[in-house]
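Chemist: For the sequence shown, the positions run 36 to 192 when our numbering is used.
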Amino acid sequence: MASEHRVTAATTVPATLERVWSLVCDMRHYADWVESTIEVLRADDEIGIGARYEERTRLSGLWTATTQWTVIELEPMTRVAFVAEGAPAVRSLGLELTLAAHDDGIEVASTYSYLTRFGPLGTLLELVVRGNVVNDQRRSLRTLSYLAELADDETDR
Numbered sequence: 036m037a038s039e040h041r042v043t044a045a046t047t048v049p050a051t052l053e054r055v056w057s058l059v060c061d062m063r064h065y066a067d068w069v070e071s072t073i074e075v076l077r078a079d080d081e082i083g084i085g086a087r088y089e090e091r092t093r094l095s096g097l098w099t100a101t102t103q104w105t106v107i108e109l110e111p112m113t114r115v116a117f118v119a120e121g122a123p124a125v126r127s128l129g130l131e132l133t134l135a136a137h138d139d140g141i142e143v144a145s146t147y148s149y150l151t152r153f154g155p156l157g158t159l160l161e162l163v164v165r166g167n168v169v170n171d172q173r174r175s176l177r178t179l180s181y182l183a184e185l186a187d188d189e190t191d192r
């Protein structure tokens, strides 16, 4: 039986919890900060259990897919978890975004969890692309931080 793989990246965003949460909950604008999202094709207006969005995703290099994500868990201002359909290289794919307030800002963590396909070949493929996934997560969180700071700066004016 295949084991679950987990890949996590985190950063501290120097912005308000409300601002960061609003960005995390705006599925229509994920392409603005999620590195692997080429475009959001469709998204529900409000986030909640069962809410969905569909995106064109860059999986690795020029390899793309259309992926549908559904919210399966939601703890307001703290955590949202998604499950995906349509990712061809994995049997299951999940994404969890968590937020925690600290003195210096909001810690945001992004965790992908997945089971690979294709037996030993899938395990090898996972080892090859894992670094790209982590780098994409880090770039995504940096962009999220930038957007949150920018919005907070504009609010202060």
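Glycine included, every Cβ here is placed at the ideal spot set by N, Cα and C.
Nearest to Leu132 by CA position, among Glu120, Leu58 and Thr102, is which residue?
Modeler: Of the candidates Glu120, Leu58 and Thr102, the one whose C-alpha sits nearest the C-alpha of Leu132 is Leu58.
Chemist: What I want to know is whether the C-beta of Thr178 ends up closer than 8 Å to one or more non-hydrogen atoms of the ligand SAM.
Modeler: For the ligand SAM, the structure offers nothing, since it holds no ligand at all.
Chemist: May I have the straight-line CA-CA distance separating Arg173 from Ala44, to the nearest angstrom?
Modeler: Roughly 6 Å between the two C-alpha positions.
Chemist: Alpha carbon to alpha carbon, how far is Leu182 from Leu176? Give it in angstroms, no decimals.
Modeler: Answer to the nearest angstrom: the Cα atoms are 10 Å apart.
Chemist: Do you know whose CA, among Gly83, Ile73, Thr178 and Glu108, lies nearest Thr92's CA?
Modeler: Checked all of Gly83, Ile73, Thr178 and Glu108; the closest Cα to Thr92 is Ile73.
Chemist: Would you report the Cα separation of His40 and Asp139, rounded to the nearest angstrom?
Modeler: Spanning the two alpha carbons is a distance of roughly 31 Å.
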